[in-house]
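In this note's numbering, the protein residues as written are 18 to 541. Positions of the beta carbon are idealized from the N, C-alpha and C atoms, including for glycine. In what follows, a structure is listed as C-alpha cells, so that the remarks can point back to it.
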Amino acid sequence: MTSSIEIYDTTLRDGTQGHGISFSVADKLRIAERLDAFGVQFVEGGWPGSNPRDIEFFAEAKNRTFTHARLAAFGSTRRKDVSAAADDQVQLLIAAGTPVVTIFGKTSPLHVREVLQTTLDENLKMIADTVRFLKANGKFVVYDAEHCFDGFKEDTPYALATLHAAEKAGADIITLCDTNGGSLPNDVAALTRLAVGELRVRIGIHTHDDIGLGVANALAAIEAGATHVQGTINGYGERTGNCNITTVIPILHFKLNTRSVPPESLPQLTELSQFVDGIANLRPNPRLPWVGEAAFSHKGGTHVNAVAKVLSSYEHVDPASVGNTRHVLISDLAGRSNIVMKAKELGFDLSADTAHLKTMLAAIKDLEHQGYEFEAADGSLTLLIRRVLSKARAPFTVDAYHVSMRSEGGTSVCEATVKVRVGDERAHTVADGDGPVNALDAALRAALATFYPQLQDVRLTDYKVRIIDSTTGTAATTRVLIQSTDGVAEWGTIGVNENIVEASLQALVDSLECALIHTAAAGA
Ligand SMILES: [Zn+2]
Numbered sequence: 018m019t020s021s022i023e024i025y026d027t028t029l030r031d032g033t034q035g036h037g038i039s040f041s042v043a044d045k046l047r048i049a050e051r052l053d054a055f056g057v058q059f060v061e062g063g064w065p066g067s068n069p070r071d072i073e074f075f076a077e078a079k080n081r082t083f084t085h086a087r088l089a090a091f092g093s094t095r096r097k098d099v100s101a102a103a104d105d106q107v108q109l110l111i112a113a114g115t116p117v118v119t120i121f122g123k124t125s126p127l128h129v130r131e132v133l134q135t136t137l138d139e140n141l142k143m144i145a146d147t148v149r150f151l152k153a154n155g156k157f158v159v160y161d162a163e164h165c166f167d168g169f170k171e172d173t174p175y176a177l178a179t180l181h182a183a184e185k186a187g188a189d190i191i192t193l194c195d196t197n198g199g200s201l202p203n204d205v206a207a208l209t210r211l212a213v214g215e216l217r218v219r220i221g222i223h224t225h226d227d228i229g230l231g232v233a234n235a236l237a238a239i240e241a242g243a244t245h246v247q248g249t250i251n252g253y254g255e256r257t258g259n260c261n262i263t264t265v266i267p268i269l270h271f272k273l274n275t276r277s278v279p280p281e282s283l284p285q286l287t288e289l290s291q292f293v294d295g296i297a298n299l300r301p302n303p304r305l306p307w308v309g310e311a312a313f314s315h316k317g318g319t320h321v322n323a324v325a326k327v328l329s330s331y332e333h334v335d336p337a338s339v340g341n342t343r344h345v346l347i348s349d350l351a352g353r354s355n356i357v358m359k360a361k362e363l364g365f366d367l368s369a370d371t372a373h374l375k376t377m378l379a380a381i382k383d384l385e386h387q388g389y390e391f392e393a394a395d396g397s398l399t400l401l402i403r404r405v406l407s408k409a410r411a412p413f414t415v416d417a418y419h420v421s422m423r424s425e426g427g428t429s430v431c432e433a434t435v436k437v438r439v440g441d442e443r444a445h446t447v448a449d450g451d452g453p454v455n456a457l458d459a460a461l462r463a464a465l466a467t468f469y470p471q472l473q474d475v476r477l478t479d480y481k482v483r484i485i486d487s488t489t490g491t492a493a494t495t496r497v498l499i500q501s502t503d504g505v506a507e508w509g510t511i512g513v514n515e516n517i518v519e520a521s522l523q524a525l526v527d528s529l530e531c532a533l534i535h536t537a538a539a540g541a
C-alpha cells in the first residue's frame, strides 16, 4: 500500500437529502456505529442547525464510543454582519459536542452577491471568523468550499482567496465541492492540482453524481493530490446522489493500491451496503458496482464455461474480497456449466457428466421458451432440479380450486375455495381476500396449515405480473413472479399461464413447497 486516503462519510447528512431516504435517530446511531466498526475516518452525523432530529442525534451520540471514526457536525459559516459567537447556528455546532465540525462557505462570487447578498470581502470574513471561532473552541475544522469548481471557473483569484481565508484561520482540511455535480474529471483534476499547489493543508474532495461522474471526479481529484474523500454509502444523496464510497473504497484498495479503511474491512463491504439499504428500507440496487447482486453474475453459456475453468477469466477481482458472491443465472442462454454451477449454489452436488444434466437443460430451455424466467426464481429452479434428480413426490397437490369475485356497494369481494391432498388425506377450505390471488393464497395456506403449521410464518414480499406476448391482448401469456420469506430465507418462484389466476397458483404452490424444504433443512 502506498499513500493513504481518509474516508469521510456523509450518508447521515447529504445522504438523507436523497429521494425516499429518511432515518430516525435510532437508525442514524446504528449506521454511525456500523461505519465506525467498518473503519471510516469521519462520520458526518447531521446539521444541528437545520432540524431537531439532528440535535437529538448528537445528544445521544455523546454517550457512545467511536473507535475508528471521528464524528462531525455540519453547518455553515456565520451569517453576514454578525459575529460567529452571536450566530445561533454556529453555537449549535459547538453544542453538538463532536470533535470535528464541518462548515461550508461560498467560493463563487455569483453566489456571494446573488444568494448571500453581501460583499466579496464580507464573505471572506464570514469564512475566516467562523473557522477561527471553531478552532478557538477546540474543534478539528473541515472547510467545505461549496460550488468550488464553478467558482474557480468564474473567478479563480477570488475562489483561491476564499480557500486561503479558511487556511489562514486554521482549517484542518479544505474540501473542494462539486455541489452541482456537473464537472468533468479533467477540470476537477486541474483545479485540485492548483489548490494542492497553493495551499499547505490537506485537500479533500466532495462530488455529486449528476452526470454520472461522482466517483470518477473524486478519483481524478485523488490522482491530483487530494487525500480526503467525502461520499455516501450506496451513493445516496440529492438528485442522482453523491459520490458512492462503496465504489471508491474498493477502487482505492484493489486498483490504486492505496490504503483507506483497514484492509480486513473490505470483505464486509457488501454487508455494509445491504445493512444501510435495509435501514433505509430500500431494495438493494442489483447493478451497483462491487456490492450489487449482479456485480458478479454470469449468464451467457460461454462466460460461465470460462468462469468454471478460470475464475479470473470474466471477473476483475474475487467477489469474496468485497464480501459479494458469484451468481450463475439460468436462462435459455445457459449451457451445462451454468446448470452445474447454479446447482452447486443451490446446494446440489452435480458434475458436468451427471446423467440428468441433459434432461435438466432441455426442461429449462423448453420452459424458458414458454415464458418462464428462472433468473428471478431460484425457488422454482430448485424444485425443478430436485424433481429431475430424485423423482421425489410433491409434498401436496392441489386437486381443485374455485375463485369468484363480486362487487357490493362499490367494494369488491373475492372468495376462493381450494381442495388439497397430502398423502391420502384431503382438506377443503374457503377464504376471502382483497383480490383473487390474495383469496387463493389464504385458502391454500389454510388448507395446508393442518398438515404443515410452519407455513403460517411464510409471507409474500413481492408479487409481480408481466404480460409476455402483448400481441394477443387479453389472451396473452402471463408471467407471475413471487418473492417469499419465512423470516430467515428468501426465495423467488414463478408461474406462467394464459390465465393470471392459474399462473399465480403455480407460483404460490412452488413458494409453499420451497418453504417446506427450507424448514426441513433448518430443522435438520
Ligand atoms: Zn453535497
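Note to self: Less than 8 angstroms between C-beta atoms, sequence neighbours within five positions excluded: which residues of the same chain meet that for V405?
What the structure shows: Within the sequence shown, residue 405 is the residue found at index 388, counting from 1. Counting only Cβ-Cβ distances below 8 angstroms, and skipping sequence neighbours, we find H373, T376, M377 and A380.
According to DSSP, is D172 helix, strand or coil?
Translated into positions along the sequence shown, residue 172 becomes position 155. Here D172 sits in coil by DSSP.
#### Entry: Any non-hydrogen atom of ligand 1 closer than 7 angstroms to H225 Cβ
For the purposes of this step, residue 225 is identified with residue 208 of the sequence shown, where counting begins at 1. Flag set: Cβ of H225 near ligand 1.
Q.
Taking the alpha carbon of H95 as the reference point, which residue from R149, K272, T399 and V117 has its own alpha carbon closest?
A. Taking the sequence shown and counting its residues from 1, one reaches residue 95 at position 78. In the sequence on display, residue 95 carries Arg and not His. Among R149, K272, T399 and V117, the Cα nearest to that of R95 is on R149.
field: Integer Cβ distance of A212 from L180, believed to fall under 8 angstroms
entry: Here residue 212 corresponds to residue number 195 of the sequence shown, with the count starting at 1. Here residue 180 corresponds to residue number 163 of the sequence shown, with the count starting at 1. Their Cβ separation, rounded to whole angstroms, is 6 angstroms, which keeps A212 and L180 in contact under 8 angstroms.
Assuming H164 contacts T192 under a Cβ cut-off of 8 angstroms, what Cβ separation, rounded to an integer in Å, is found between them? For the purposes of this step, residue 164 is identified with residue 147 of the sequence shown, where counting begins at 1. For the purposes of this step, residue 192 is identified with residue 175 of the sequence shown, where counting begins at 1. H164 to T192, Cβ: 12 angstroms. No contact.
* Asked: Is E432 near V447, with beta carbons less than 8 angstroms apart?
  -> Within the sequence shown, numbered from 1, the residue matching residue 432 stands at position 415. Within the sequence shown, numbered from 1, the residue matching residue 447 stands at position 430. Result yes, Cβ atoms of E432 and V447 sit closer than 8 angstroms.
task = Mind reading off the beta-carbon distance from N251 to V293? Whole number of angstroms is fine, and I expect it under 8 angstroms.
result = What you label residue 251 is simply residue 234 of the sequence shown in a count that begins at 1. What you label residue 293 is simply residue 276 of the sequence shown in a count that begins at 1. N251 to V293, Cβ: 6 angstroms. Contact.
query: Fully enclosed by the segment 117-192, which beta strand (DSSP E) runs are 3 residues long or longer?
result: 117-123 and 157-163
State the start and end residues of the unbroken alpha helix (DSSP H) segment that holds H391. Position 374 of the sequence shown, counting from 1, holds the residue named residue 391. The residue you asked about is not His; residue 391 is Phe in the sequence shown. No alpha helix (DSSP H) contains F391, which DSSP labels as neither H nor E.
How many angstroms separate the CA atom of A493 from the CA atom of G388? Within the sequence shown, numbered from 1, the residue matching residue 493 stands at position 476. Within the sequence shown, numbered from 1, the residue matching residue 388 stands at position 371. Roughly 11 angstroms separates the two Cα atoms.
Q. Is it true that the CB of G364 sits closer than 8 angstroms to the CB of V321?
A. On the sequence shown, residue 321 is found 304 positions in, with the first residue counted as 1. On the sequence shown, residue 364 is found 347 positions in, with the first residue counted as 1. No, they are not a contact pair.
| query | Just to confirm, are V159 and V117 a CB contact at a threshold of 8 angstroms? | reply | Residue mapping note: residue 159 aligns to position 142 of the sequence shown, counting from 1. Residue mapping note: residue 117 aligns to position 100 of the sequence shown, counting from 1. Yes, these two residues count as a Cβ contact at 8 angstroms.
Only counting the same chain, and skipping five residues up and downstream in sequence, which positions put a Cβ closer than 6 angstroms to that of A464?
For the purposes of this step, residue 464 is taken as residue 447 along the sequence shown, with counting starting at 1. Within the same chain, Cβ atoms closer than 6 angstroms to the Cβ of A464 are found at V435, V437, A444 and T446, the five residues on either side in sequence being excluded.
Name the residue from T209, T196 and G63 whose alpha carbon lies nearest to the alpha carbon of D227. Your numbering for residue 227 matches position 210 in the sequence shown. The residue with the shortest Cα to Cα distance from D227 is T196.
Quick check: what's the CA-CA separation for I262 versus P279? The residue you call residue 262 lines up with position 245 of the sequence shown. The residue you call residue 279 lines up with position 262 of the sequence shown. When rounded, the distance between both Cα atoms is 14 angstroms.
Whole angstroms is fine: what's the gap from A541's alpha carbon to Q291's? As a position in the sequence shown, residue 541 is number 524, starting the count at 1. As a position in the sequence shown, residue 291 is number 274, starting the count at 1. Per-residue confidence for A541 stands at a pLDDT of 46, beneath the threshold of 50, marking its modelled position as unreliable; the derived number appears in the next sentence. Their Cα atoms are separated by approximately 29 angstroms.
If you reduce the DSSP assignment to three classes, tell me which class L269 lands in.
Translated into positions along the sequence shown, residue 269 becomes position 252. In this structure, L269 counts as helix in the three-state DSSP scheme.
(message) Using 8 angstroms for Cβ pairs, my map puts L305 next to A312. What's the rounded Cβ distance?
(response) In the sequence shown, the residue the question calls residue 305 occupies position 288. In the sequence shown, the residue the question calls residue 312 occupies position 295. Yes, L305 and A312 are in contact; Cβ-Cβ is about 7 angstroms, under 8 angstroms.
Pick from S368, Q473 and I517: whose alpha carbon is nearest that of V420? Counting from 1 along the sequence shown, the entry for residue 420 is found at position 403. It is I517.
For T244, verify whether its CB is less than 7 angstroms away from any heavy atom of ligand 1.
Working through the sequence shown from its first residue, we reach residue 244 at position 227. Not under cutoff, so the answer is no.
query = Is it the case that the Cβ atoms of P65 and L110 are separated by a distance below 8 angstroms?
reply = Position 48 of the sequence shown, counted from the first residue, corresponds to residue 65. Position 93 of the sequence shown, counted from the first residue, corresponds to residue 110. The answer is yes: Cβ separation under 8 angstroms.
Review point. CB-CB under 6 angstroms to F391, same chain, minus the five flanking residues each way: which ones, in chain order?
Key: As a working note, residue 391 is residue 374 in the sequence shown. Same-chain partners within the cutoff: I347 and L398.
Original post:
Can you find at least 3 beta carbon pairs, one from the segment 512-527 and one from the segment 408-423, that sit closer than 8 angstroms?
Top reply: yes
Inspect the beta-carbon positions of E255 and G340 and report whether they are closer than 8 angstroms.
-> Working through the sequence shown from its first residue, we reach residue 255 at position 238. Working through the sequence shown from its first residue, we reach residue 340 at position 323. G340 is positioned such that its CB atom lies no closer than 8 angstroms to that of E255.
- Task: Keeping to the same chain, check which residues put their C-beta closer than 7 angstroms to that of T84; ignore five residues upstream and five downstream.
- Result: Along the sequence shown, read from residue 1 onward, the residue named residue 84 stands at position 67. Answer for T84: D53, listed in chain order.
Q.
Would you say the beta carbon of D31 is closer than 7 angstroms to some non-hydrogen atom of ligand 1?
A. Here residue 31 is taken as the residue at index 14 of the sequence shown, counted from 1. D31 has its CB nearer than 7 angstroms to a heavy atom of ligand 1.
Requested in this report: Can you tell me which of H315, D204 and A241 puts its alpha carbon nearest to the alpha carbon of G214?
Outcome: The sequence position of residue 214 within the sequence shown is 197, counting from 1. Nearest option by C-alpha distance: A241.
When you compare each of G168, T135, L133 and A102 to K152 by their alpha carbons, which one comes out closest? Stepping through the sequence shown from its first residue, residue 152 is reached at position 135. It is A102 whose Cα lies nearest to the Cα of K152.
* To do: Please report how far the alpha carbon of E515 lies from the alpha carbon of T495, in whole angstroms.
  => Here residue 515 refers to the residue found at position 498 of the sequence shown. Here residue 495 refers to the residue found at position 478 of the sequence shown. Approximately 6 angstroms, taken between the alpha carbons.
Next on the checklist: Between C165 and ligand 1, is there a pair consisting of the residue's CB and a ligand heavy atom that are separated by less than 7 angstroms?
Outcome noted: Stepping through the sequence shown from its first residue, residue 165 is reached at position 148. Checking every heavy atom of ligand 1 against the Cβ of C165, none is found closer than 7 angstroms.
| said: Measuring straight from C-alpha to C-alpha, what distance separates S314 and Y469? | reply: For the purposes of this step, residue 314 is taken as residue 297 along the sequence shown, with counting starting at 1. For the purposes of this step, residue 469 is taken as residue 452 along the sequence shown, with counting starting at 1. Taken atom to atom, the span from the alpha-carbon of S314 to that of Y469 is near 35 angstroms.
Check: By DSSP, does L461 sit in helix, in strand, or in coil?
Finding: Numbered from 1 along the sequence shown, position 444 holds the residue referred to as residue 461. DSSP places L461 in helix when its eight states are reduced to three.
Rounded separation between R30 and T319 - CA only = Stepping through the sequence shown from its first residue, residue 30 is reached at position 13. Stepping through the sequence shown from its first residue, residue 319 is reached at position 302. Answer to the nearest angstrom: the Cα atoms are 45 angstroms apart.
Using a threshold of 7 angstroms, is the CB atom of N251 nearer than that to any non-hydrogen atom of ligand 1? For the purposes of this step, residue 251 is taken as residue 234 along the sequence shown, with counting starting at 1. Every heavy atom of ligand 1 is 7 angstroms or more from the Cβ of N251, so no.
Buried or exposed (CB count within 10 angstroms, at least 16 for buried), H36
Working through the sequence shown from its first residue, we reach residue 36 at position 19. Counting Cβ neighbours within 10 Å, H36 comes out exposed, since fewer than 16 surround it.
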